[in-house]
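S.K.: I'd like to ask some things about the structure below.
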Amino acid sequence: MSYLEYNTRQMPSGLRKVLYLNWPLIALLIMVAGYGFVMLYSVAGGSLTPWAEPQIKRFGIGLLCMLIVAFTPLWFWRSIAGVAYGVTILLLLGVEFFGSVGMGAKRWLVIGPMRLQPSELAKITTILALAAYYDWIDMKKISHPVHVVIAALIALVPTLLVLRQPDLGTAMLIAAGGGVVIFAAGVHWGYFAALIGSAAGLVTAVLQSRGTEWQLLKDYQYRRIDAFLDPTLDPLGAGYHINQSMIALGSGGWSGRGFMEGTQARLNFLPEKHTDFIFTTLAEEFGFVGASSLLLLYMMIIAVCLLTALRTTNRFGALLVMGVIGNFFLYFAVNMAMVMGLAPVVGVPLPLVSFGGSAMLVLMVGFGLVHSAHIHRARLPS
Amino acid sequence: MKRSDRDKELSRRTISRRALLLGAVQLGFAGTLLWRLRDMQLNQSEQFRLLAEENRINLRLLPPIRGLILDRNGVILAGNEQNYRVVIKRDDAGDIDLVLSRLARLIPLSEEDIERARRDMLRNRPFVPVTVAERLSWEEISRVAANAPALPGVTPEMGMSRAYPLREDTAHVVGYVGPVSERDLEALESPDPVLFIPRFQIGKSGVERMAEDRLRGRAGSQRVEVNSVGRVMRELDRVEGTPGANVHLTIDARLQNYALERLHGHSAAAVVMDVKNGDILALASGPSFDPNLFVRGISSTNFNELLNNDYRPLVNKTVQGMYPPGSTFKMVTALAALEAGVTNGQETVFCPGHMDVSGNRFHCWKRGGHGRVGLVSALAESCDVYFYEMSQRCGIDKINEMSTRLGLGMRYDLPITSVAGGLNPTREWKRNNRNAEWRIGDTVNASIGQGFVLTTPLQLAVMTARLATNSAVLPRLVRDPLERSERELASLDLRPEWLRMIRQGMDQTVNDRRGTAYSSRIVADGQLMAGKTGTSQVFSITRAEREAGVRRQEQLPWNRRNHALFVNYAPHDAPRIAVSVVVEHGGGGSSAAAPIGRDITLAALNDALPPLSAYPAPQRNRIQYEQDEMHERLRRPEDLRLSRA
Chain A
1 MSYLEYNTRQ
11 MPSGLRKVLY
21 LNWPLIALLI
31 MVAGYGFVML
41 YSVAGGSLTP
51 WAEPQIKRFG
61 IGLLCMLIVA
71 FTPLWFWRSI
81 AGVAYGVTIL
91 LLLGVEFFGS
101 VGMGAKRWLV
111 IGPMRLQPSE
121 LAKITTILAL
131 AAYYDWIDMK
141 KISHPVHVVI
151 AALIALVPTL
161 LVLRQPDLGT
171 AMLIAAGGGV
181 VIFAAGVHWG
191 YFAALIGSAA
201 GLVTAVLQSR
211 GTEWQLLKDY
221 QYRRIDAFLD
231 PTLDPLGAGY
241 HINQSMIALG
251 SGGWSGRGFM
261 EGTQARLNFL
271 PEKHTDFIFT
281 TLAEEFGFVG
291 ASSLLLLYMM
301 IIAVCLLTAL
311 RTTNRFGALL
321 VMGVIGNFFL
331 YFAVNMAMVM
341 GLAPVVGVPL
351 PLVSFGGSAM
361 LVLMVGFGLV
371 HSAHIHRARL
381 PS
Chain B
1001 MKRSDRDKEL
1011 SRRTISRRAL
1021 LLGAVQLGFA
1031 GTLLWRLRDM
1041 QLNQSEQFRL
1051 LAEENRINLR
1061 LLPPIRGLIL
1071 DRNGVILAGN
1081 EQNYRVVIKR
1091 DDAGDIDLVL
1101 SRLARLIPLS
1111 EEDIERARRD
1121 MLRNRPFVPV
1131 TVAERLSWEE
1141 ISRVAANAPA
1151 LPGVTPEMGM
1161 SRAYPLREDT
1171 AHVVGYVGPV
1181 SERDLEALES
1191 PDPVLFIPRF
1201 QIGKSGVERM
1211 AEDRLRGRAG
1221 SQRVEVNSVG
1231 RVMRELDRVE
1241 GTPGANVHLT
1251 IDARLQNYAL
1261 ERLHGHSAAA
1271 VVMDVKNGDI
1281 LALASGPSFD
1291 PNLFVRGISS
1301 TNFNELLNND
1311 YRPLVNKTVQ
1321 GMYPPGSTFK
1331 MVTALAALEA
1341 GVTNGQETVF
1351 CPGHMDVSGN
1361 RFHCWKRGGH
1371 GRVGLVSALA
1381 ESCDVYFYEM
1391 SQRCGIDKIN
1401 EMSTRLGLGM
1411 RYDLPITSVA
1421 GGLNPTREWK
1431 RNNRNAEWRI
1441 GDTVNASIGQ
1451 GFVLTTPLQL
1461 AVMTARLATN
1471 SAVLPRLVRD
1481 PLERSERELA
1491 SLDLRPEWLR
1501 MIRQGMDQTV
1511 NDRRGTAYSS
1521 RIVADGQLMA
1531 GKTGTSQVFS
1541 ITRAEREAGV
1551 RRQEQLPWNR
1561 RNHALFVNYA
1571 PHDAPRIAVS
1581 VVVEHGGGGS
1591 SAAAPIGRDI
1601 TLAALNDALP
1611 PLSAYPAPQR
1621 NRIQYEQDEM
1631 HERLRRPEDL
1641 RLSRA
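Set out below in structure tokens:
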């Protein structure tokens, strides 16, 4: 799709765009962020500082960014996709060589007064690039091996660069966002079947070879895998966080222990209670009702975005929305699975709820793109 | 590029199909999450809630306040004082060295303290608080509190710690406490859980140790909510413990102080006892030590100084020190002879200055001899030959029996550590321990308290009290204020006429011109004393020394000189107190021990510094000088803090 495709007469323009915003999505986002404010207020022991207040401000800025992105015509995003992706790769390489180290990982680039985290940027630009790529190539060629390899590389290059930082969580999100776009674009089943099959085969081979003469990894590497897969094996070491998290979550019961009454979070048994483990506090203080309602809100966001993707005839827009959804879904699904002890501990925050600036901003920009696709969707002539 | 409508439609259909598929997968995964949530929160919530409770509730023991140890008038001998200390947690401190160096600028910390704190911190788990400094002043602790922001992980704390306000005075009686050690715990069958509280103090010696059960009290408990690093967030409930019971001693703190100061400069022991009920009024062993040093954890320098001191400050000589009683034993021999009927006491014995017994010559201390002496003058002038004679007449068994009856050779059950039994040698004892038969020479030696006989100053005081009262006085160190001061004491059943002679001998020892302690007599009305000197040989002057011109005790090195002893009761006509004094290597009983016994007696009778008028006029100038010098060292009445109870 290109600029020429836009039928400006069918497109809302100027302030009229406000009417065409995806209002249900905005309402849902504010509700989810509201959960975040309440929980951050609670884990700070009933105080707006140090978390709730900055979070509210950031959400405000995020909303503003979302609207700016939303009102910007979709063709603009398509045309800058390639450049944005290239810049992101350069920044990631910059981190690799000049990045500043914090918490045992190199994630930031310090340019003057700014602290940039290019891996966050990569979540969006990878999706943009892939959506633009599939919008650009011929429909008949999408399953051609060369194009599949190119698409895979677009997704894999930033993924691997982020993985090297090392930041497993973000790398996973980038790969997943890219994978969802590639899948949604209609690439042949066979590739995915082969990918899943070979991955499963590799894992099986690694695990099965253990203890035999030709085992593929060193013993200590296997032990690390064990601890990664089942943290409960080591309740005072790696498993400590997960055990405490499950205790908090489980003790919530049906309606929870009450606002600000959660003992686990209040007493610091929970690690990272304001970031990665905030869902645990929610589940502890508001119980099944609070936790499942948040899950429901998240699924409603997914559904609303999915509807946007289904209703636009604009291929770029639809793929973009799908990528954002895939990213967002994996975000909260991995986080929740982690705190419930279903998945290994990877540093993935709960989207819009966990305390954190750049992740929130990138998410809101992502939803801005969804809005843009929604506002500037190709409408059938009335 | 411009797409055809067909392509557009294809794209739309593909995306829709795949989007719906992805949506379905996502919905399925969300369903799994919801199912897991339901399982944990609804089905297993009881179990998790229990785990959460265990996590946060911590039962803590509240250390009970230790009972006080008081003297007979309620003066605090062992009390508890607020102890401000500074603890540090490695977890919160971050850079330990930086924090410690900052702390060292606020409070006095030696290199050793810092090193110990660092070691303790690295040995313990990071959230365990480690004590850096103790017994800080209020100013110091305020300085730490004011600088809290610069001292992460450092907390000022307040606790109770044992303190001995009279320091050296009662160290040997009261003893001291210290942190519970592995050995303390091993010695107990089922240790009280309170002992596991870090830095909890337990009695290590003296009354503190022997009356530990009474003093300790019962721990209270407190249920607190803690966070994951063990920090207390709030208290849930609290059961107060029972403070330890106070222990009232029979000691008189002022007399004790006087006695100890009077022993100043000597390695010596003095015991003052109430003859009517056996209450021990003073139990002084000099030199003493400051028990507070032990509570804080004594430095090795200080400890070695105490350990290597020739005067053995750590030993409680009053009950632990065993000395040959020398001539103070002669009352025993005399009574044994009287009871055996081998003399009537009036009969005299000729003393030529020596006596030959089975080929060995036994000398009298007076080489020229005493001439004819009866029982009374033999005691007063301390003639040895008289008792050599009497002992051969009555035999060691009778002497032994009398010695036991008068309370020697017996281990008294007092609540202080290492009370020794002394030694009343018998034929059987010698057979078992020396692998030799009892010989007549042994009896002769024993008759003047030499040879195998060993007594403690406490036993000598008991003996004197028994002679003064004719009843089986038993020493008592602890007396409840509610308990009657009088005691039912069995009679010794010694014939009054025998005792009259003994007492007369003791009276003349002090008050007769020829008595050995005449220069230490008291002249105040109603305060006259009766006593007996003793000089017990530790080493005999060797032939080589004699040839080198050594004739007198003063010429010998200190640790080869004779022990000086003195026992007395007063007033001589209506005894109230009995006193015994042993000066290790003091030279002679009449010169070294008797003056001390006299002064302590006067202090006890007057309940104050001995009045000058009690001394013979020619001595008053010298005494005044001695008293002035001593006055400086004595504790002022205001130093004696009374317990409010």
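Protein chains in written order, with this note's numbering: chain A, 1 to 382; chain B, 1001 to 1645.
The C-beta atom is built at its ideal place from N, Cα and C for all residues, glycine as well.
Which chain A residues are close to residue 1034/B, counting only those with a beta carbon under 7 Å from its beta carbon?
M.R.: Numbered from its first residue, the second sequence carries residue 1034/B at position 34. Those are 292, 295, listed as they occur along chain A.
S.K.: For residue 1018/B, which residues in chain A fall below 7 Å Cβ to Cβ?
M.R.: As a first step, residue 1018/B is located in the second sequence; it is residue number 18 there, counting from the start. Within chain A, the residues near residue 1018/B are 183, 184, 186.
S.K.: Let me know the secondary structure DSSP gives residue 137/A once reduced to three states.
M.R.: Start at 1 with the first residue of the first sequence, and residue 137/A comes out as number 137. Coil, per DSSP.
S.K.: Figure out for me which residue from 1537/B, 1285/B, 1170/B has the closest Cα to the Cα of residue 1315/B.
M.R.: Taking the first residue of the second sequence as 1, we reach residue 1315/B at position 315. Minimum Cα distance to residue 1315/B is reached at 1285/B.
S.K.: Measure the alpha-carbon distance for residue 131/A versus residue 192/A and round it to whole angstroms.
M.R.: In the first sequence, counting from the first residue as 1, residue 131/A sits at position 131. In the first sequence, counting from the first residue as 1, residue 192/A sits at position 192. Spanning the two alpha carbons is a distance of roughly 18 Å.
S.K.: Under 9 Å Cβ-Cβ, which residues of chain A neighbour residue 1022/B?
M.R.: Taking the second sequence and counting its residues from 1, the one referred to as residue 1022/B is at position 22. Going along chain A in sequence order, the residues near residue 1022/B (Cβ under 9 Å) are 180, 183, 184, 306, 322, 325, 326, 329.
S.K.: Tell me which residues share the same chain as residue 343/A and place their Cβ nearer than 7 Å to its Cβ, disregarding the 5 neighbours each side in the sequence.
M.R.: Mapped onto the first sequence, residue 343/A falls at position 343. Excluding sequence neighbours, residue 343/A sits near 334, 337.
S.K.: CB-CB under 7 Å to residue 369/A, same chain, minus the five flanking residues each way: which ones, in chain order?
M.R.: To locate residue 369/A, count along the first sequence from 1; it is residue 369. So the qualifying residues of the chain are 69, 77, 320, 324.
S.K.: Quick one: is residue 1089/B near chain A, going by C-beta distance under 8 Å?
M.R.: Stepping through the second sequence from its first residue, residue 1089/B is reached at position 89. Answer no: the Cβ-Cβ gap between residue 1089/B and chain A never drops below 8 Å.
S.K.: Quick check: residue 143/A and residue 180/A, are their CB atoms within less than 8 Å of each other?
M.R.: Translated into the one-based positions of the first sequence, residue 143/A becomes position 143. Translated into the one-based positions of the first sequence, residue 180/A becomes position 180. Not a contact, by the Cβ cut-off of 8 Å.
S.K.: Runs of 4 residues minimum, wholly inside the stretch 270-354 of chain A: which ones carry the alpha helix (DSSP H) assignment?
M.R.: The qualifying runs are 278-311, 315-339.
S.K.: Hey, is residue 251/A's beta-carbon within less than 8 Å of any beta-carbon in chain B?
M.R.: By one-based count along the first sequence, residue 251/A stands at place 251. Yes, because at least one Cβ of chain B sits closer than 8 Å to the Cβ of residue 251/A.
S.K.: What would DSSP say about residue 11/A, mapped onto helix, strand or coil?
M.R.: Residue mapping note: residue 11/A aligns to position 11 of the first sequence, counting from 1. Residue 11/A: coil per DSSP, three-state reduction.
S.K.: Measuring only the C-alpha atoms, how far is residue 1536/B from residue 1448/B?
M.R.: Here residue 1536/B refers to the residue found at position 536 of the second sequence. Here residue 1448/B refers to the residue found at position 448 of the second sequence. So the two alpha carbons sit approximately 9 Å from each other.
S.K.: For residue 1584/B, which option in 1485/B, 1267/B, 1071/B, 1304/B has the closest C-alpha, if you only look at C-alpha atoms?
M.R.: As a first step, residue 1584/B must be located in the second sequence, where it is residue number 584. The candidate whose alpha carbon is nearest that of residue 1584/B is 1267/B.
S.K.: Can you pull the chain A residues whose beta carbon is under 7 Å from the beta carbon of residue 1236/B, in chain order?
M.R.: The residue given as residue 1236/B occupies position 236 in the second sequence. None at all; the shortest Cβ gap to chain A is about 11 Å.
S.K.: Is residue 1151/B buried or exposed, if buried means 16 or more other CB atoms sit within 10 Å of its CB?
M.R.: Residue 1151/B sits at position 151 when you count from the first residue of the second sequence. With 16 or more other Cβ atoms within 10 Å, it is buried.
S.K.: Can you list the residues of chain A that residue 1014/B reaches, using a CB-CB cut of under 7 Å?
M.R.: Translated into positions along the second sequence, residue 1014/B becomes position 14. Here the neighbours are 186.
S.K.: Which stretch, first to last residue, makes up the alpha helix (DSSP H) that contains residue 1463/B?
M.R.: Here residue 1463/B refers to the residue found at position 463 of the second sequence. 1457-1469 is the extent of the alpha helix (DSSP H) around residue 1463/B.
S.K.: Between which two residues does the beta strand (DSSP E) carrying residue 1565/B extend?
M.R.: As a working mapping, residue 1565/B is identified with position 565 in the second sequence. Segment 1563-1570, the beta strand (DSSP E) holding residue 1565/B.
S.K.: Just checking, does the stretch 284-298 of chain A make contact with the stretch 156-176 of chain A on the three C-beta pairs under 8 Å criterion?
M.R.: No: fewer than three Cβ pairs fall under 8 Å.
S.K.: With distance defined between alpha-carbon atoms, name the residue in 1295/B, 1565/B, 1500/B nearest to residue 1468/B.
M.R.: For the purposes of this step, residue 1468/B is identified with residue 468 of the second sequence, where counting begins at 1. Taking only the C-alpha atoms, the option nearest residue 1468/B is 1500/B.
S.K.: Does the beta-carbon of residue 1110/B have 16 or more other beta-carbons within 10 angstroms, so that it is buried, or is it exposed?
M.R.: Along the second sequence, one-based indexing puts residue 1110/B at 110. By the 10 Å Cβ count, residue 1110/B comes out exposed.
S.K.: According to DSSP, which residues form a beta bridge with residue 1233/B?
M.R.: Within the second sequence, numbered from 1, the residue matching residue 1233/B stands at position 233. Residue 1233/B is not bridged to any residue.
S.K.: Which residues in the same chain as residue 1421/B place their Cβ atom closer than 7 Å to its Cβ, once the five residues preceding and following it in sequence are excluded?
M.R.: In the second sequence, counting from the first residue as 1, residue 1421/B sits at position 421. Excluding positions up to five away in sequence, the list reads 1409, 1410, 1411.
S.K.: I want to see whether chain A comes within less than 8 Å of residue 1038/B, judged by CB atoms only; does it?
M.R.: As a working mapping, residue 1038/B is identified with position 38 in the second sequence. True, the Cβ-Cβ gap to chain A drops below 8 Å.
S.K.: Measuring straight from C-alpha to C-alpha, what distance separates residue 1164/B and residue 1291/B?
M.R.: Counting from 1 along the second sequence, the entry for residue 1164/B is found at position 164. Counting from 1 along the second sequence, the entry for residue 1291/B is found at position 291. Using only the alpha carbons, I get a separation of about 7 Å.
S.K.: Using a Cβ-Cβ distance cut-off of 8 Å, determine whether residue 342/A contacts chain B.
M.R.: Mapped onto the first sequence, residue 342/A falls at position 342. It does; some Cβ of chain B falls within 8 Å.
S.K.: Beta carbons nearer than 8 Å to chain A: which residues of the stretch 1196-1222 of chain B have them?
M.R.: Residues passing the 8 Å Cβ filter: none.
S.K.: Which of the three DSSP states is assigned to residue 1625/B in this structure?
M.R.: Locating residue 1625/B in the second sequence gives position 625, where the first residue counts as 1. Residue state, collapsed to three classes: helix.
S.K.: Nearest to residue 1702/B by CA position, among 1417/B, 1398/B, 1413/B, is which residue?
M.R.: Coverage of chain B is limited to positions 1001 through 1645, which leaves residue 1702/B absent and any answer about it impossible.
S.K.: Are there three or more Cβ pairs, one per stretch, closer than 8 Å when the stretch 1134-1146 of chain B is compared with the stretch 1434-1453 of chain B?
M.R.: Touching, no, given that fewer than three Cβ pairs across the two stretches are closer than 8 Å.
S.K.: Please list the segments of the alpha helix (DSSP H) lying wholly inside the stretch 1209-1271 of chain B, counting only runs of 4 or more residues, in order along the chain.
M.R.: Counting only runs of 4 or more, we get 1212-1216, 1253-1262.
S.K.: Measuring alpha carbon to alpha carbon, tell me which of 1418/B, 1574/B, 1365/B ends up nearest residue 1207/B.
M.R.: Counting from one through the second sequence, the residue named residue 1207/B turns up at place 207. Residue 1418/B is the option with its Cα nearest to residue 1207/B.
S.K.: Express the C-alpha separation of residue 276/A and residue 1037/B in angstroms, rounding to a whole number.
M.R.: Looking up residue 1037/B in the second sequence gives position 37. Looking up residue 276/A in the first sequence gives position 276. If you take the alpha carbons of residue 1037/B and residue 276/A, they lie about 17 Å apart.
S.K.: May I ask you to report which of helix, strand or coil DSSP gives residue 1186/B?
M.R.: Here residue 1186/B refers to the residue found at position 186 when the second sequence is read from its first residue. If DSSP states are grouped into helix, strand and coil, residue 1186/B belongs with the helices.
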